[in-house]
Ligand code: ME8
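Numbering (the working numbering), first residue to last: 2 to 714.
What follows is the structure, encoded as C-alpha cells:
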C-alpha cells in the first residue's frame, strides 16, 4: 500500500485542531507517517510528507474568546506547539500547513469556485441541528444530541450553500468497488460503504453565524464549512490554486493517514469534493486505530492524555517510535502504558539490539583493533545466519509497506535474537585450552565479521523506525552518516556482504541505556506535575489518588448501542487555553511562610500578564459536597458558575466537613483540562492557601458579595 506506482510518494497526516495541545495520539499518526516517509526516501523515492494544523471554525473561535485571545493569536500559539514538538521528536515533514495561511485560503476559494462553477454547489436554506464540537450537521429535531460526542446540538437557521453530495452516491460506490485498496483497514471500508449505501444527503458547506473561516468567494458573509476548508489542505499545500508546480508533481496523494474517527470525511466527503471539482482522487486513505490510556481513547476531553515530551525526556524519541509501531498492530486500537513501554524498551532495545551492537563493536575493538577482519570460509552456522538475514530483508519490506509494522519489526528482532544466540554458541571471547591461537583468531574473525554484517543489515532495516539509534550504529560500524546513505537510496541495495573487511569502526557509544526501576515513576511524575492542581499541592503526599503506580490502560469498551459510523467518532476535544492546561498549575496559593515547606520551583519564575490571563479564575458556589466512598481525602463538589454547573473533585476531605461547604462561594480555575480521579471527572480546581507544616488548605473566598461566574483578574 505504501509502494508508489511512480517514483514519487506523497503522504499526509490529518491536520490537527488547535484547540487542544498535542498528545501521544497526535504523535502516533505523525510518527507512523515519518517512518513511512523515511523508508520511501531511503528507497530513492521522491517523497513529500505533509502535516499541519486545522485552525478555522466555531470551536476555535470560541476557544480563543474564552482564552481572551484573537482566534489567530490563539491558533498561532497552539500550532507552534505542534510544530515544535514534531521538531523535537525529529520528524521529517517536508511541509507544515496552517489553514490560516494565505496560500491555503486562496486554494480553498479556488476549489469552492471550481465546484460551484461545475454546478455542484447551490444556495438553499437550512434549519437544523449542528454540533459545534464535531463541526457536524446532525439530523433530528431541536434537542437532538450529537450522535458522535453526545453533546447538545445547536439549532442553526441559515441561508447556506449546499454541496450536492447526493449526486455522488453511485459514483462513490463504483469507485470503492473499482479500487478495493482505496481505504483500509477492512473495518473502515465496510463502515464507509454501508454508510454510503444508506443514502447521502446534500451537505451544507457554508455558515453565516460566525466569521472565523474562509469567506465564500463573491459572498463574503458566508464562511466555508470547516471540513471543506480542512480537507483541501492536502492540495492547497501543494500549491493548488496558487502555484501548482508541486501539485502537478505530487498529486494525487499516495496515502492520507488518518485516525479512524475521521474516515467518513476522508473517504466520502473528500472524494466527492474532488470528483465535483474534476480533480483526481487520492490513492488511499488508511486509518490508524486509537491509542487508549486509562479510561479509553486518549483525548483531552477525557483528561487521560500522555504527552510525547514525557516519553522523549526519559527514554528518547526512538523508544516511543519503536513502542508505537511494534506494540500496536496498525489499524487496531492499542493500549499505552508506561509499564509496557519500559518493558519493551528494556527487552527489545536495551537488552536486545543495543546490547548486541555494543558487544560486537567492543569485541571488534578488543580483538581486531577496531578493524573488520576477513571472515574466512563460511561454516553452516554462518550460512544459516546469512539466510536468515536474507529472509528478514525479504519479509521486512512487504510487511512494512502493507503497514504491518509490528510484523516487520518482529522479523528483524528474531534476527537480533538469532545473532545473539550465534554469538553465545561461538563465544568468541573464550578460548578453550585445546584451541590454537591461530584457530582462535580465525574463529573470532569469522564470528565477529559475520555478526557485524548482520547488525549492519538490521540497522539499515530499522532505520525508518529508529533513526537516531541507526545513525549512531552506522557510524560505529564505520559506515558514515546514515542520512547520506538514505539520500543515496541505500535500502534498494541492502544485501549480505556489504561490510568490507578493513573497515575501521568508530568508538562504541551507548545506544539504549537500561531503564531503571524508577523510569515509570519518573514519567508518571512528569505527567502529574503537568496536571498538578493547587489543591493537590496543598494536600501534598496525601493528595487524591497518588499515582506512585502507573495508571494502567483500561480496555476500550465500544458502545454496543451505536451504529457503526457513529461508533468510530471520538469524543471532541474540549476548549482550553493555549498554554494553561499542560503547564504546571500556577502557584496562586501564597508561598508557604516557613522553609519547612519550600516553595515549588515554579513559584520563583516570573510569568507575563499574558500567561496569567490564560488562567480563568471564577467565582462559583458549592451546591453539593459529599465524601467519596473509599477515598478519605477527596470530596466531590457540584458547583454553580452562574452560566453552568460542574463537578469538581478536591483533596480537602480531611480539612472540611462537606455540609459546611454547601452554599459557600469559592474560587475555581475554570479552564483546567478535565481530569479523572477514582473514575469521576473533575472539571476545574479549587483555590486555597496551603498552610505549613502539612499543607492544610484554606479555601479562598470574599468578604463582599460577588456574583457567580465573576472572573478574577
Ligand atoms: O480531527 N489515538 O483534528 P484532531 C490515535 N482537524 N490517534 C489519535 C488519537 C488517539 N487517541 N488522538 C488523536 C481533526 N489522534 C481534524 C482533522 S484533517 C483534514 C482534519 C490523531 O486534532 C488521529 O490521527 O482532532 C486523529 O484522526 C487526529 O489525531 C485527530 O486530530
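We put the CB at the ideal spot given by N, CA and C, even for glycine.
Predicted model, so just to flag it, every value in this text is computed and none were measured.
Is there contact here, the stretch 34 to 41 with the stretch 284 to 298, by at least three beta-carbon pairs under 8 Å?
no
Contact test: residue 241 Cβ vs the ligand ME8 heavy atom, cutoff 8 Å
no
Within a Cβ cutoff of 7 Å, which residues of the same chain sit near residue 364, ignoring the five residues on either side of it in sequence?
429, 430 and 449
Rank 32, 88, 514 and 661 by C-alpha distance to the C-alpha of residue 627 and give the top, closest one.
661
Whose CA, out of 79, 110, 423 and 19, lies closest to the CA of residue 243?
Selected option, being the one with the closest Cα: 110.
Return the chain-ordered list of same chain residues with a C-beta closer than 7 Å to the C-beta of residue 231, the five sequence neighbours on each side being excluded.
Exclusion of the five residues before and after residue 231 leaves 16, 55 and 100 as the residues of its chain whose Cβ lies within less than 7 Å of its Cβ.
Going by other Cβ atoms of all chains shown within 10 Å of its Cβ, with 16 needed for buried, is residue 457 buried or exposed?
Per the 10 Å Cβ criterion, buried.
Local conformation of residue 116 per DSSP, three classes:
helix
Checking the sheet assignment: what are the DSSP bridge partners for residue 405?
Its beta-bridge partners do not exist; DSSP assigns none.
Beta-carbon separation (whole angstroms), residue 209 vs residue 223, contact threshold 8 Å:
5 Å
Contact set for residue 488: own chain, Cβ-Cβ below 8 Å, skip 5 residues either direction:
42
Check whether the Cβ of residue 664 sits closer than 8 Å to any heavy atom of the ligand ME8, and report yes or no.
no
Enumerate in chain order the residues of its own chain whose CB-to-CB distance from residue 272 is below 7 Å, with the five nearest sequence positions on each side excluded.
Here the set comprises 173, 176 and 282.
Cβ neighbours of residue 503 in the same chain (closer than 7 Å, five flanking residues each side left out):
Cβ contact annotation for residue 503 (same chain, cutoff 7 Å, sequence separation greater than five): 372 and 373, in chain order.
Say whether the stretch 120 to 138 touches the stretch 160 to 169, bearing in mind that this needs 3 or more beta-carbon pairs closer than 8 Å, one atom from each stretch.
They touch, by the three-pair rule.
Any non-hydrogen atom of the ligand ME8 within 8 Å of residue 106 CB:
No.
Does DSSP classify residue 206 as helix, strand or coil?
When DSSP states are grouped into helix, strand and coil, residue 206 belongs to the coil group.
Backbone CA spacing between residue 143 and residue 157 [nearest angstrom]:
10 Å
When you compare each of 658, 466, 370 and 255 to residue 36 by their alpha carbons, which one comes out closest?
466
Quick check for students: name the residue ranges of the alpha helix (DSSP H) that lie wholly in the stretch 455 to 523, counting only runs of 4 or more.
Taking only runs of at least 4 residues, the alpha helix (DSSP H) segments lying wholly in the stretch 455 to 523 are 468 to 477 and 483 to 488.
With DSSP as the reference, please indicate the residues paired to residue 676 in a beta bridge.
683
Taking 8 Å as the cut-off, does the stretch 52 to 68 touch the stretch 477 to 492 (at least 3 CB pairs, one atom from each stretch)?
Short answer: they don't touch.
Simplified DSSP assignment, three categories, for residue 313:
helix
Where residue 560 falls, given that 16 or more other Cβ within 10 Å makes a residue buried:
With a pLDDT of only 25 at residue 560, under the threshold of 50, the placement of this residue in the model should not be trusted, and no figure is reported.
Quick one: any contact between the stretch 305 to 321 and the stretch 523 to 531, if contact means 3 or more CB pairs under 8 Å?
The stretch 305 to 321, when compared against the stretch 523 to 531, does touch it at the 8 Å Cβ threshold.
From the DSSP output, in three-state form, read off residue 216 for me.
Correct three-state label for residue 216: strand.
Between which two residues does the alpha helix (DSSP H) holding residue 227 run?
227 to 232
Would you mind working out which of 288, 404 and 21 sits nearest residue 258, comparing C-alpha positions?
288
Return yes when the C-beta of residue 280 is under 8 Å from any heavy atom of the ligand ME8, and no when it is not.
Not under cutoff, so the answer is no.
List the whole-angstrom C-beta distance separating residue 648 from residue 617, where the pair is believed to meet the contact cut-off of C-beta under 8 Å.
Incorrect: roughly 17 Å between the Cβ atoms, too far for contact.
Identify every residue that forms a DSSP beta bridge with residue 153.
146
Quick one: what's residue 11 bridged to in DSSP?
49
Any heavy atom of the ligand ME8 within a distance shorter than 8 Å of the CB on residue 299?
Taking 8 Å as the cut-off, the C-beta of residue 299 counts as close to a heavy atom of the ligand ME8.
Check the C-beta distance from residue 125 over to residue 97 and give it rounded, since I have them as a contact under 8 Å.
Cβ atoms of residue 125 and residue 97 stay farther apart than 8 Å, at about 36 Å.
Quick one: what's got a C-beta closer than 7 Å to residue 250's C-beta in the same chain, skipping five residues either side?
9
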